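Enquirer: Take this structure, written in structure tokens, and hold onto it; I'll ask about it next.
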Amino acid sequence: KHINMKKLLILALVYATTLTAFAQKKNAAQEIYDKLEQEEDVLALSFNKQMLDAIDTDVEWGGSMRYLKGDLNKVKLMVIGEDEKSQSLSKYIYNKLDDLGYKLTDLPEEADEDDEEIYMFTNRKGNRFTEAHILIVDEDGSAIFLSVYGDITVTDEKI
Numbered sequence: 090k091h092i093n094m095k096k097l098l099i100l101a102l103v104y105a106t107t108l109t110a111f112a113q114k115k116n117a118a119q120e121i122y123d124k125l126e127q128e129e130d131v132l133a134l135s136f137n138k139q140m141l142d143a144i145d146t147d148v149e150w151g152g153s154m155r156y157l158k159g160d161l162n163k164v165k166l167m168v169i170g171e172d173e174k175s176q177s178l179s180k181y182i183y184n185k186l187d188d189l190g191y192k193l194t195d196l197p198e199e200a201d202e203d204d205e206e207i208y209m210f211t212n213r214k215g216n217r218f219t220e221a222h223i224l225i226v227d228e229d230g231s232a233i234f235l236s237v238y239g240d241i242t243v244t245d246e247k248i
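When we follow our numbering, the leftmost residue of the sequence shown carries the number 90, and every step to the right adds one.
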């Protein structure tokens, strides 16, 4: 199953408008990558500021427009292949994000898929966020963990 990465990034940014909590420490989710990137059937990628452009775009979401503006500092992606440990690795990510103080959000109905579970955690203040973490777990046990770091403002009107 292929997941459109641009769609994931925009999904992360738009979901951030509905979140209301702060993580206990900046970039605390790095612990997850440090622990899991050496596991078998795990692919981890990281893109830093030199590889990323600023965001200045608008997105239709649930019948209304959202405007995203700001800078991305880093995007990290971890793909967990289907094997006997994949379910436990996904549970570890979910529980660790919760333990680190990131806030889980209720996702809009459009995000629901019959064959996968989607979770999003963030570090947000007002309409600005510095971190968004999306965990997508497929029914076969494989998973995608996407983290977006930056200084992004999400508004209902273009700035």
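We treat Cβ as the ideally placed atom computed from N, Cα and C, and that holds for glycine. All values reported here derive from a predicted model rather than from experimental measurement.
Runs of 4 residues minimum, wholly inside the stretch 175-247: which ones carry the alpha helix (DSSP H) assignment?
Expert: Segments of the alpha helix (DSSP H) lying fully in the stretch 175-247: 175-188.
Enquirer: Which residues does DSSP pair with isoleucine 169 in a beta bridge?
Expert: Counting from 1 along the sequence shown, the entry for residue 169 is found at position 80. According to DSSP, isoleucine 169 bridges with Val131, Ala232.
Enquirer: Less than 7 Å between the beta carbons of glycine 159 and serine 231, yes or no?
Expert: In the sequence shown, the residue the question calls residue 159 occupies position 70. In the sequence shown, the residue the question calls residue 231 occupies position 142. Contact: no.
Enquirer: Can you have a look at glycine 239 and say buried or exposed, based on whether 16 or more other CB atoms are within 10 angstroms of its CB?
Expert: Residue 239 sits at position 150 when you count from the first residue of the sequence shown. Buried, because 16 or more other Cβ atoms sit within 10 Å of the Cβ of glycine 239.
Enquirer: State buried or exposed for lysine 214, treating a residue as buried only when at least 16 other CB atoms are found within 10 Å of its CB.
Expert: Along the sequence shown, one-based indexing puts residue 214 at 125. With fewer than 16 other Cβ atoms within 10 Å, it is exposed.
Enquirer: Within 10 angstroms of its Cβ, does leucine 161 collect 16 or more other Cβ (buried), or is it exposed?
Expert: For the purposes of this step, residue 161 is taken as the residue at position 72 of the sequence shown. Per the 10 Å Cβ criterion, buried.
Enquirer: If I measure Cβ to Cβ from phenylalanine 210 and keep anything under 7 Å in the same chain, skipping five residues before and after, which residues do I get?
Expert: Numbered from its first residue, the sequence shown carries residue 210 at position 121. Around phenylalanine 210: Leu186, Tyr191, Lys192, Leu193, His222.
Enquirer: So lysine 124 is in the alpha helix (DSSP H); what residue range does that whole segment cover?
Expert: Residue 124 sits at position 35 when you count from the first residue of the sequence shown. Per DSSP, lysine 124 belongs to the alpha helix (DSSP H) from 119-125.
Enquirer: Report the rounded CA-to-CA distance for threonine 146 versus threonine 242, giving the unit in angstroms.
Expert: Mapped onto the sequence shown, residue 146 falls at position 57. Mapped onto the sequence shown, residue 242 falls at position 153. If I take the Cα positions, the gap works out to 11 Å.
Enquirer: Go through its chain and collect everything with a Cβ distance to valine 131's Cβ below 8 Å, but skip five positions before and after it.
Expert: Here residue 131 refers to the residue found at position 42 when the sequence shown is read from its first residue. Excluding residues within five positions, the ones whose Cβ falls inside 8 Å are Leu125, Met167, Val168, Ile169, Gly170, Leu178.
Enquirer: Would you report the Cα separation of tyrosine 156 and lysine 165, rounded to the nearest angstrom?
Expert: Translated into the one-based positions of the sequence shown, residue 156 becomes position 67. Translated into the one-based positions of the sequence shown, residue 165 becomes position 76. So the alpha carbons of these two residues sit roughly 23 Å apart.
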